[in-house]
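*Asks:*
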Amino acid sequence: MKLRTRRHKLALALSALALAATGTIGAVGTSAAPAEAAGRCVDYNYSQGGYSSCIGYIQQLVNYHTGAGLAVDNNFGPKTRSAVIRVQSIFRLTADGIVGPRTWNIICYPQKGPGPIPGFPYAAARAAGCSI
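All letters in the sequence shown, in the order written, are residues -20 to -1, 1 to 112 by mature numbering (1 follows the signal peptide of the UniProt record, and there is no 0).
1) Where does residue 31 sit, in a helix, a strand or coil, going by DSSP?
2) Which class does residue 67 belong to by DSSP, given the choice of helix, strand or coil?
3) Distance, Cα to Cα, residue 99 vs residue 44?
4) Looking at the strands, I want to know which residues DSSP matches up with residue 55.
5) First and last residue of the alpha helix (DSSP H) that includes residue 83?
6) Taking all protein chains shown into account, do 16 or more other C-beta atoms lie within 10 angstroms of the C-beta of residue 87, making it buried, or fewer, making it exposed?
7) So, using beta-carbon positions, are residue 108 and residue 42 closer together than 8 Å?
8) Determine, using beta carbons only, whether residue 83 and residue 66 come nearer to each other than 8 Å.
9) What's the call for residue 5, buried or exposed, on a 16-neighbour Cβ count within 10 Å?
10) Do the CB positions of residue 61 and residue 28 come within less than 8 Å of each other?
11) Which residues in the same chain as residue 123 place their Cβ atom closer than 6 Å to its Cβ, once the five residues preceding and following it in sequence are excluded?
12) Just grab the DSSP bridge partners of residue 26 for me.
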């Protein structure tokens, strides 16, 4: 009986060590942000209160379209919301401050004709998942 208990304790300790080493224990109950989970920012809606790399891409794209001069801090605060509403108003979208499919469709592209457009943040657009 004593030998069996030691084996059982050893097996439990090794199992716990294996789980800790693979990170499975730490991952229980957590989920990745949309940007990291799917890899395409354009597949999600963003609104005030959010924080992610996708919002940094939104800030760069909105800066291009409005000249808002937003700090690219990955934080969807009141200034980012106002700049998004400005883009939505300029392009006659529902001005609700939410970056959804229609807003993505506008900010993903330079809206100024064909060819490479100087100043357009192509790297941010590509990173966000825009088909440009």
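Even for Gly, the Cβ is constructed at its ideal location relative to N, Cα and C.
Here the structure is a predicted model, which is why all the values come from computation and not from measurement.
*Replies:* Let me lay it out:
1) In the structure shown, residue 31 sits in a strand (DSSP, three-state: E or B).
2) Here residue 67 carries a helix assignment [DSSP, helix/strand/coil].
3) Their Cα atoms are separated by approximately 7 Å.
4) Under DSSP, residue 55 takes part in a beta bridge, and its partners are 31.
5) Its alpha helix (DSSP H) spans residues 81 to 87.
6) Here residue 87 is buried. Its C-beta has 16 or more other C-beta atoms within 10 Å.
7) Cβ distance not < 8 Å, so residue 108 and residue 42 don't count as in contact.
8) Contact: no.
9) With a pLDDT of 41 at residue 5, under the threshold of 50, the modelled position of this residue cannot be trusted; read the value that follows with caution. Classification for residue 5: exposed.
10) Judged by their CB atoms, residue 61 and residue 28 are nearer to each other than the 8 Å cut-off.
11) Since the first residue shown for the chain is -20 and the last is 112, residue 123 is missing from the structure and cannot be characterised.
12) Answer is 79.
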